[in-house]
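**Q** Mind having a look at this structure? Questions to follow.
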Amino acid sequence: MKLHPFVGAVSALRFENCFNPYSDRCEVHDHLDAPRRRAEALSAMLRNAMREPVDAIWIGRDLGYRGGRRTGLALTDDVHIEQHAKRWNFVAERPTVGAAVAERTAAVIWSILNKIDARIFLWNVFPLHPHEPGDQFSNRQHNAKERRAGEELLQELIRSLKPARIIAIGNDATAAANRIADAVPVICVRHPSYGGQTQFLAQISELYGNPSDTRSLF
Numbered sequence: 006m007k008l009h010p011f012v013g014a015v016s017a018l019r020f021e022n023c024f025n026p027y028s029d030r031c032e033v034h035d036h037l038d039a040p041r042r043r044a045e046a047l048s049a050m051l052r053n054a055m056r057e058p059v060d061a062i063w064i065g066r067d068l069g070y071r072g073g074r075r076t077g078l079a080l081t082d083d084v085h086i087e088q089h090a091k092r093w094n095f096v097a098e099r100p101t102v103g104a105a106v107a108e109r110t111a112a113v114i115w116s117i118l119n120k121i122d123a124r125i126f127l128w129n130v131f132p133l134h135p136h137e138p139g140d141q142f143s144n145r146q147h148n149a150k151e152r153r154a155g156e157e158l159l160q161e162l163i164r165s166l167k168p169a170r171i172i173a174i175g176n177d178a179t180a181a182a183n184r185i186a187d188a189v190p191v192i193c194v195r196h197p198s199y200g201g202q203t204q205f206l207a208q209i210s211e212l213y214g215n216p217s218d219t220r221s222l223f
């Protein structure tokens, strides 16, 4: 499969103490062709998303080591990779070996996303996995240089998908979205981590017409 130019641009990003899932291979957890699998999945998703209007881009902060680092899909862990692919009508090969690894944030996101019938594209301000020096299996917040690179790509994604709105998950995503979204409405919701799960689910339920009784999700 020929990669979408946007995926080529993301694949070319290089920063210290960052794992690029579209060009880097984890020697511990990845199949030999894992970068190809992740890049092709993102390309297929983008092409399908561009065919019809997108309701919203949900934006997180950056990829986590238990989620997007492994799958190459924002806010998505091994457990939900097939569901993510199904939403965009393609088949994804899991890039990682061994038992599927779950991520708490992804579990909360998908518990409500699976109950919403809308064209929702998931992304992050910084599309790579930033980690602490010497510890690839850790998470850190992206720095200013990384943020600027991520925001340039996010601007391009918004221009390409033309979403009706942006749902920014957490304060960092909200600040970035407000800097670059131009005329696209930005709606801030609580990040589901650190005690924010209940508020996040309630806010998303209100935005999408109460798709479920969030009290029964966990």
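Residues in the sequence shown are numbered consecutively from 6, following this note's numbering. A virtual CB, placed ideally from N, CA and C, is assigned to each residue, including glycine.
Taking C-alpha atoms, which residue in ASN94, PRO100, HIS136 lies nearest to GLN146?
**A** HIS136
**Q** Taking all protein chains shown into account, decide if MET6 is buried (16 or more other Cβ within 10 angstroms of its Cβ) or exposed.
**A** exposed
**Q** Give a yes or no on whether the C-beta atoms belonging to ILE117 and ILE174 are separated by under 9 Å.
**A** No, the pair does not count as a contact, with Cβ atoms beyond the cut-off.
**Q** List the DSSP bridge partners of ASN129.
**A** GLY65
**Q** The alpha helix (DSSP H) with ILE185 in it runs from where to where?
**A** Residue range 176-185 is occupied by the alpha helix (DSSP H) that includes ILE185.
**Q** Roughly how far, in whole angstroms, is the beta-carbon of PHE20 from the beta-carbon of GLU161, given that I think they are within contact range, below 8 Å?
**A** That belief does not hold up - the Cβ atoms of PHE20 and GLU161 are roughly 18 Å apart, past 8 Å.
**Q** To the nearest angstrom, how far is it from the Cα of ASP82 to the Cα of GLN141?
**A** 17 Å
**Q** Report the rounded CA-to-CA distance for TYR27 versus ALA188, giving the unit in angstroms.
**A** For TYR27 and ALA188, the distance between alpha carbons rounds to 30 Å.
**Q** Which residue marks the beginning of the beta strand (DSSP E) containing VAL194, and which one marks its end?
**A** 191-194
**Q** Contact defined as beta carbons within less than 8 Å: I believe HIS134 pairs with PHE24. What is the distance between those atoms, to the nearest angstrom?
**A** 4 Å
**Q** Using beta-carbon positions only, say whether ASN129 and ASP67 come within less than 9 Å of one another.
**A** Yes, they are a contact pair.
**Q** Under the assumption that THR101 contacts GLY72 (Cβ atoms under 8 Å), give the Cβ distance between them as a whole number of angstroms.
**A** In this structure THR101 is not in contact with GLY72, their Cβ atoms being roughly 11 Å apart against a cut-off of 8 Å.
**Q** Give a yes or no on whether the C-beta atoms belonging to GLU211 and ARG124 are separated by under 9 Å.
**A** no
**Q** Could you please give the first and the last residue of the uninterrupted alpha helix (DSSP H) stretch that includes ALA49?
**A** 39-54
**Q** If I measure Cβ to Cβ from GLU98 and keep anything under 6 Å in the same chain, skipping five residues before and after, which residues do I get?
**A** Excluding sequence neighbours, GLU98 sits near ARG42.
**Q** Who pairs with GLU108 in a beta bridge, going by DSSP?
**A** Beta-bridge pairing links GLU108 to no other residue.
**Q** Could you say which of LEU51, ALA49, TRP63, LEU8 lies nearest to ILE169 if we only look at CA atoms?
**A** A small correction: the amino acid at residue 169 is Ala; Ile does not occupy that position in the sequence shown. Comparing alpha carbon positions, the residue from LEU51, ALA49, TRP63, LEU8 closest to ALA169 is TRP63.
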